[in-house]
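The listed protein sequences derive, respectively, from chains A, B, C and D.
Remember, this note's numbering sits 4 above the position in the first sequence when you count from 1.
Remember, this note's numbering sits 4 above the position in the second sequence when you count from 1.
Remember, this note's numbering sits 4 above the position in the third sequence when you count from 1.
Remember, this note's numbering sits 4 above the position in the fourth sequence when you count from 1.
Where a beta carbon is used, it is the ideal one built from N, C-alpha and C, also for glycine.
There are 4 protein chains.
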Amino acid sequence: MAAKRIGILTSGGDCAGLNAVIRAVVLRAAALGWTVVGIRQGTHGLLVRPPLVTTLEPGACGAEMLRRGGTVLGTTNHGDPFDYPMPDGSRCDRSAEVIEGWRMLGLDALIGVGGDGSLAILRRLARQGDIPLVGVPKTIDNDIGLTESAIGYQTAVAVATEALDRLQPTAASHNRVMVLEVMGRDAGHIALASGIAGGADVILIPEIPYDFAAVTAHLRSIEAAGRSFALVVVAEAVLTDEGRPVRQGAGSYGGIGHYVAGRIHALTGAETRVTVLGHVQRGGAPTAGDRLLASALGVRAVELIAQGRFDRMVAWVNRQVGDVPILQAIEHYQAVDPDGAIVATARGLGICLGDAPGLGA
Amino acid sequence: MAAKRIGILTSGGDCAGLNAVIRAVVLRAAALGWTVVGIRQGTHGLLVRPPLVTTLEPGACGAEMLRRGGTVLGTTNHGDPFDYPMPDGSRCDRSAEVIEGWRMLGLDALIGVGGDGSLAILRRLARQGDIPLVGVPKTIDNDIGLTESAIGYQTAVAVATEALDRLQPTAASHNRVMVLEVMGRDAGHIALASGIAGGADVILIPEIPYDFAAVTAHLRSIEAAGRSFALVVVAEAVLTDEGRPVRQGAGSYGGIGHYVAGRIHALTGAETRVTVLGHVQRGGAPTAGDRLLASALGVRAVELIAQGRFDRMVAWVNRQVGDVPILQAIEHYQAVDPDGAIVATARGLGICLGDAPGLGA
Amino acid sequence: MAAKRIGILTSGGDCAGLNAVIRAVVLRAAALGWTVVGIRQGTHGLLVRPPLVTTLEPGACGAEMLRRGGTVLGTTNHGDPFDYPMPDGSRCDRSAEVIEGWRMLGLDALIGVGGDGSLAILRRLARQGDIPLVGVPKTIDNDIGLTESAIGYQTAVAVATEALDRLQPTAASHNRVMVLEVMGRDAGHIALASGIAGGADVILIPEIPYDFAAVTAHLRSIEAAGRSFALVVVAEAVLTDEGRPVRQGAGSYGGIGHYVAGRIHALTGAETRVTVLGHVQRGGAPTAGDRLLASALGVRAVELIAQGRFDRMVAWVNRQVGDVPILQAIEHYQAVDPDGAIVATARGLGICLGDAPGLGA
Amino acid sequence: MAAKRIGILTSGGDCAGLNAVIRAVVLRAAALGWTVVGIRQGTHGLLVRPPLVTTLEPGACGAEMLRRGGTVLGTTNHGDPFDYPMPDGSRCDRSAEVIEGWRMLGLDALIGVGGDGSLAILRRLARQGDIPLVGVPKTIDNDIGLTESAIGYQTAVAVATEALDRLQPTAASHNRVMVLEVMGRDAGHIALASGIAGGADVILIPEIPYDFAAVTAHLRSIEAAGRSFALVVVAEAVLTDEGRPVRQGAGSYGGIGHYVAGRIHALTGAETRVTVLGHVQRGGAPTAGDRLLASALGVRAVELIAQGRFDRMVAWVNRQVGDVPILQAIEHYQAVDPDGAIVATARGLGICLGDAPGLGA
């Protein structure tokens, strides 16, 4: 097999573990005698001229890269090349330019590390431009189908859980209701998992409609049982109880957390405090789990290229590493299943999910 | 010496290390054959009838208590007993009731663990009610004079620093300006120390007036030098550049952080993101340093009682444990010294403190 | 359904997450109106008279229990009741006494939390004594079949990975070969996963025979590539290259780590240092992942009892919680699969597993 | 003032915070328009030809350097240039070569980051070779005089404390005596501080002679009080009770820990387990405290050069940064003071220091 030159890019919001994937790809490729070219700033790096690239040397991929947060390649959200926002406010299809940028590089295959949306765009580019593409799933939201875990999710859950570990003692000392707003733009996986792991009393996620009557009834039952504080976790995508979004505009988080805290205070008189973790959940050193996952998926992505199998996404299921058609993974969008095992766990622990006070029994 | 019965209470906002103090007091007292009575909910526990008390047994003060956040005694902010907020909105001097509550307990001495404000109130109560009082300094703000460190401060700095460690890689990956709002109701110690330790580019503290011209000039110089992201730390007590507070009411944090981020975005066009750590800085396991400090101060507080020396606050200075008159400690309120060693360190590292772009040189 | 009284015990070596299981069982049972009796010190608590029991109240199972290491029930290794070591050195079948102890409690069902060996013993007791048993898998070694992860494993991997994170920079600063001995009495899962996550250069596990020629060839190739330090992870169960065990007797770890370091030094002249993590891997707060796993399995164990389904072990597979016959789980003992995905990941990263220098390519 | 070119080297055992010093020096120097040359591998870098140097650019000293363990300059222990170990086993004074190496660089001043021993050697070289030297104190042992804390110490204490946090729950679950051997080649500061912070029952340090009668009496009194486990911390420099060292040769730790565990087991029958942390205490990300300290000392070292004040060591005392003659700092070697505040704290908590059972009272 002739030595290949392959490209890799990270696309969409960054997360912990991206550098571990890049490292795994570079190390595996180097063992095969291949060269890896890093494309910087996601598809933006293929849009500008000359394309933004950097050769990734195995010697620069030491152990320290495993624990480095973010992505050494950068990733920008300039927008979908098929619907690109122009300075004058109009939209424009610039996909041909991206594909042309790809061709200028003369590479044999592309590994695209991205979430749901990014993988869909990359796949469209790949089909239009005949790019041999392998996808690697990453998103703290963990809403990509057909893989047990996407890169970055476990770390985000760990960070949010640690915040709850810190909030619980101060809540108890002051008899307060602490509200923690966590990330989760569409799916409530982070809120649900960290809420269970951190011992939350109430978890509000976009997949389960809530009303404050249920929430306050639960808080009162806690107080009636002799405990004078509570922990509430809210996913950022949760709407007001009237169904409106509370985002305060670009860069502003803290909307729904403050809203929920305000309502709880108004309805129960409880003293509330709000923490908005924000991007702390994305950055920083990945957990051991995310590093292992990223390493396994990165190695496997190179194997797929070696085998000439494209348009596929690598996936982790039950200690095994496999691969599935990208399209299929995207189509199996994976929100929290209200009838699934994790929700059942939450209810089984007596956690209020906002829908009704007594469902846990 | 006859066996004594002594009381201990924690007052004001909680912080990491309070339980380590309580533990140290109980263990040292037990070795002397004394009994320790915990007064719950700060001075509130002396105001209600019967007083809220609990006997603290050495057997219940194991190693796990060292790493437990918050305070097992609770602490409420019902208000200054000398100026107590009544349900009808009026204010009332209820100090006599608190002193009467103290007398009902028949204890030999009181250890009061509190910040600046709490120690002032406890001292006033002690003088009025003839209470043999020893003070132990605690506050994440570290603004109590004559002690190098107050309990809880080191942990708050560690938590804020860790947040910066997580924000930096995601800032770098996305070319963003990250704004971290940290606690510090009056003093900027947390912001300053964590900003230095976490590698911030801009640190805004209440002790140093700032203007956005200086901040944006600094951010532009960073960009000119080829770095496309920045980290900004803001103490919650910082005002707008027009001198107004941005607090959003009880329980609402995030005001000044969002304000600063908004202004930076407006002035420079930079993409900004905001994290508001909130009470995460107060709760949770104390650092080793805070545990050692709390243990040393707790043991010493009991020694002072054994020696019959009251109206004094225990203090830590340069690996030594000493004690000073409470009044003196309060009078030496310790804000950040704009001409001190830590500010000099920040300037020496080229960090912008908002006052002028080129001061670092 | 009549209210039940169920028992729970933890058996074998402790690990992080046991208290999270206990908490989940108690909270779920309480919601059903059931009572949970904790049996202390494993089967030993059923052997002594009166049996060692404690009622577990839901009010005592707050969020702080999730992060508490060890097991509140205790667990002792007095030995297999079917082959019990007597003071005079003889062995004795005391299973009838254990079963009698169980009967004295008059409970409706038993949840046994244990590893491979403990579950086998509990199952034998259950069959002999007609005990309605549900098993919950826990072991840092992660060698129980038919569940993706056993409680405690993820935390052990996280602790070992963190040690590597700390060893790598000092190795690099001093040009040393650092040897980390991790737990893993029979299986090499901890060594393999932490070695990958922490960036090890060599990982020795009991499932893959090694020789020092391969190890030293790999270390020399690293040096030839310009890197002057290396990280080596060894599972405690690994034998000398001549197939002898290096355990130094009860309570003594550090045998194989020191042996490997000594041989490497002798063969290559490299300066080596050894860290033996020992029980640090067992204790302490569980990771978010272990807490979620433990909570899900604990809730599910109670559901099985409610459904009258016994002799089964709860299991986690691909985000789902299920159950399998205990016997089947035991029979599918799960060592590291030399042809599996994790070993392939290690080889793909160029990690030497001791068997041959060039297998990674 | 003309732009200077200054050198910096790190010498002796590495520790957390060295890179934070280097960064601070580079950033402060850059603001003054100076250049910083990094001398690699300690004095070894001046011994070889050409000298091992690297220019340190401020652009490469970002926030991530603060949390990077080890030293980017490397540090080797080839030995004292005044008494250099030659290949043939003889000793040789090679100081003139080192000084000549320094002269070849043509630098204006040298910042030497080292412990006690390294600073003494550097000072001797400086005097002999007329090198304008400023010293920065670093050592996890914290035994350098006239500075409250040396760089690396706080991190080592934090790591050892965290190990105790993990050992305590497993000790309690299994009724074991856990022995943790920590670093401290001459002084017991790490053992003492981490033992207090982690809740140890027994702490053995080289400064306080111990006997096993005292230790076992203390362990028995714990058991008599109803607690069935204990934590023991031993500094590596502690000798056997007969005054012999237990080091097992280069690279071998674990001697004294295993010895103490063995004796305790023999004398009390308690089940013991041993953890030998080793170099985990040196490496890894520094605590916030060590980063602040390192930054402050690094900035100040450059100021001293700007002021033309040499032969001085920068120091931290009570939130202030100052400087003292190097010679004076070395002469005030700072072992644990058996009559000092920290030992008093330990005794006050009832911790056994091995010298007598009842001293705590």
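- Secondary structure of residue 255(A), DSSP reduced to three states: Against the first sequence, residue 255(A) aligns to sequence position 251. Confidence at residue 255(A) is low in this model, with a pLDDT of 45, below 50, so the placement of that residue is unreliable and no value is reported for it.
- Query: Roughly how many whole angstroms lie between the Cα atoms of residue 91(B) and residue 265(B)?
  - Reply: Here the question's residue 91(B) lines up with position 87 in the second sequence. Here the question's residue 265(B) lines up with position 261 in the second sequence. For residue 91(B) and residue 265(B), the distance between alpha carbons rounds to 39 Å.
- Report the rounded CA-to-CA distance for residue 208(D) versus residue 54(D), giving the unit in angstroms. What you label residue 208(D) is simply residue 204 of the fourth sequence in a count that begins at 1. What you label residue 54(D) is simply residue 50 of the fourth sequence in a count that begins at 1. About 46 Å.
- Using three-state DSSP, classify residue 331(C) as helix, strand or coil. Here residue 331(C) refers to the residue found at position 327 of the third sequence. Residue 331(C): helix per DSSP, three-state reduction.
- Chain-order list of residues whose beta-carbon lies under 7 Å from that of residue 172(B) (same chain, five-residue window excluded): Sequence index remark: in the second sequence, residue 172(B) carries index 168 (1-based). 203 and 235.
- Below-8 Å beta-carbon distance, residue 279(C) vs any chain D residue: Taking the third sequence and counting its residues from 1, one reaches residue 279(C) at position 275. Yes, contact with chain D.
- Message: Let me confirm a value: residue 118(A) is counted as buried when at least 16 other C-beta atoms fall within 10 Å, else exposed. Which label applies?
- Response: Start at 1 with the first residue of the first sequence, and residue 118(A) comes out as number 114. It counts as buried.
- Message: Within a Cβ cutoff of 7 Å, which residues of the same chain sit near residue 101(B), ignoring the five residues on either side of it in sequence?
- Response: One-based indexing of the second sequence puts residue 101(B) at position 97. Excluding residues within five positions, the ones whose Cβ falls inside 7 Å are 51.
- Task: For residue 230(A), count neighbouring Cβ atoms within 10 angstroms of its own Cβ and tell me buried if that reaches 16, exposed if not.
- Result: In the first sequence, counting from the first residue as 1, residue 230(A) sits at position 226. The residue is exposed, with fewer than 16 neighbouring Cβ atoms inside 10 Å.
- Go through its chain and collect everything with a Cβ distance to residue 337(B)'s Cβ below 7 Å, but skip five positions before and after it. Indexing the second sequence from 1 puts residue 337(B) at position 333. Closer than 7 Å at the Cβ level, and outside the excluded window around residue 337(B), lie 120, 147 and 149.
- Query: Any chance the stretch 181-192 of chain D sits against the stretch 320-328 of chain B, with 3 or more Cβ pairs inside 8 Å?
  - Reply: no
- Message: Against chain A, which members of the stretch 295-321 of chain C pass a CB distance test of less than 7 Å?
- Response: 295, 296, 299, 300, 303 and 321
- Query: Is the CB of residue 139(A) under 8 Å away from at least one CB in chain C?
  - Reply: To locate residue 139(A), count along the first sequence from 1; it is residue 135. Cβ-Cβ to chain C under 8 Å: no for residue 139(A).
- Message: For chain B, check one thing: does any of its Cβ atoms lie closer than 8 Å to the Cβ of residue 4(D)?
- Response: Lying before the first or after the last residue shown, residue 4(D) is absent from chain D, which here runs from 5 to 365.
- Indicate whether residue 138(B) and residue 155(B) have their beta-carbon atoms separated by less than 8 Å. Position 134 of the second sequence, counted from the start, is the residue given in the question as residue 138(B). Position 151 of the second sequence, counted from the start, is the residue given in the question as residue 155(B). Result no, Cβ atoms of residue 138(B) and residue 155(B) do not sit closer than 8 Å.
- Message: Looking at chain B, is there any beta carbon in it that lies within less than 8 Å of the beta carbon of residue 332(D)?
- Response: What you label residue 332(D) is simply residue 328 of the fourth sequence in a count that begins at 1. Taking Cβ atoms only, chain B never reaches closer than 8 Å to residue 332(D), which makes this a no.
- Query: Any idea if residue 220(B) is buried or exposed, counting beta-carbon neighbours within 10 angstroms, 16 or more meaning buried?
  - Reply: Walking along the second sequence from the start, residue 220(B) turns up at place 216. By the 10 Å Cβ count, residue 220(B) comes out buried.
- Query: What is the residue span of the alpha helix (DSSP H) that residue 174(A) lies within?
  - Reply: Within the first sequence, numbered from 1, the residue matching residue 174(A) stands at position 170. From DSSP, the alpha helix (DSSP H) with residue 174(A) extends over 157-178.
- Query: residue 226(A) versus chain C: which residues are under 9 Å apart at the beta carbon?
  - Reply: Taking the first residue of the first sequence as position 1, residue 226(A) is located at position 222. Residues of chain C passing the Cβ test: none, with the nearest at roughly 10 Å.
- Query: How is residue 227(B) classed by DSSP in three states: helix, strand or coil?
  - Reply: As a first step, residue 227(B) is located in the second sequence; it is residue number 223 there, counting from the start. In the structure shown, residue 227(B) sits in a helix (DSSP, three-state: H, G or I).
- Task: Give the interface partners of residue 171(D) over in chain C, defined as CB-CB distance under 7 Å, in chain order.
- Result: Locating residue 171(D) in the fourth sequence gives position 167, where the first residue counts as 1. Simply 283, 284 and 287.
- Query: Thinking just about the alpha-carbon of each residue, which of 185(C), 302(C) and 340(C) is nearest to the one in residue 278(C)?
  - Reply: Taking the first residue of the third sequence as position 1, residue 278(C) is located at position 274. Considering only alpha carbons, the answer is 185(C).
- Within 10 angstroms of the Cβ of residue 366(B), are there 16 or more other Cβ atoms? Answer buried if so, exposed if not. Examination of residue 366(B) is not possible in this model, given that chain B is present from 5 through 365 alone.
- For residue 254(B), decide whether its Cβ has a neighbour in chain D, counting only Cβ atoms nearer than 8 Å. Numbered from its first residue, the second sequence carries residue 254(B) at position 250. Because the pLDDT at residue 254(B) is just 42, under 50, the model does not fix this residue reliably, and the point stays unresolved.
- Message: I'd like to know if residue 364(D) contacts chain B, where contact means its C-beta is closer than 8 Å to some C-beta of that chain.
- Response: In the fourth sequence, residue 364(D) corresponds to position 360, counting from 1. In this prediction, residue 364(D) has a pLDDT of 40, which is less than 50 and means its spatial position is unreliable; what the coordinates show is noted afterwards. Taking Cβ atoms only, chain B reaches closer than 8 Å to residue 364(D), which makes this a yes.
- Query: If we count the other Cβ atoms within 10 Å of its Cβ and call it buried at 16 or more, is residue 158(C) buried or exposed?
  - Reply: As a first step, residue 158(C) must be located in the third sequence, where it is residue number 154. Flag for residue 158(C) reads buried.
- Per-residue DSSP class, three states only, for residue 141(A): Residue numbering aside, residue 141(A) sits at position 137 when the first sequence is read from its first letter. Note: residue 141(A) maps to strand in three-state DSSP.
- Task: Name, going along the chain, the residues of the stretch 13-33 of chain D whose beta-carbon falls closer than 7 Å to a beta-carbon of chain B.
- Result: 28, 31 and 32
- Message: Under 8 Å, Cβ to Cβ, is there at least one residue of chain B near residue 40(D)?
- Response: On the fourth sequence, position 36 is the one that residue 40(D) refers to. No - not a single Cβ of chain B is within 8 Å of the one on residue 40(D).
- Task: Please classify residue 11(D): does DSSP put it in a helix, a strand, or coil?
- Result: As a first step, residue 11(D) is located in the fourth sequence; it is residue number 7 there, counting from the start. Here residue 11(D) sits in strand by DSSP.
- Message: Short of 8 Å Cβ to Cβ, which residues in the stretch 117-128 of chain A face chain B?
- Response: none
- Message: Can you find the residues in the same chain that come closer than 6 Å, C-beta to C-beta, to residue 124(B), ignoring five residues on each side of it along the sequence?
- Response: The count along the second sequence starts at 1 and reaches residue 124(B) at position 120. Cβ-Cβ distances below 6 Å link residue 124(B) to 334 in the same chain, with the five nearest sequence neighbours on each side left out; the list follows chain order.
- Item | Cβ-based burial, residue 153(C) [other Cβ within 10 Å; buried from 16] | By 1-based counting over the third sequence, the position of residue 153(C) is 149. Buried is the call here.
- Contact with chain C by residue 165(A), beta-carbon distance below 8 Å: Taking the first residue of the first sequence as position 1, residue 165(A) is located at position 161. So yes, residue 165(A) belongs to the interface.
- Query: Among 65(D), 132(D), 222(D) and 282(D), which one has its Cα closest to the Cα of residue 42(D)?
  - Reply: As a first step, residue 42(D) is located in the fourth sequence; it is residue number 38 there, counting from the start. Of the listed residues, the one whose Cα sits closest to residue 42(D) is 65(D).
- Task: Using a Cβ-Cβ cut-off of less than 9 Å, list which residues of the stretch 72-103 of chain A approach chain B; keep chain order.
- Result: 72, 73, 74, 75, 76, 77, 78, 79, 80 and 81
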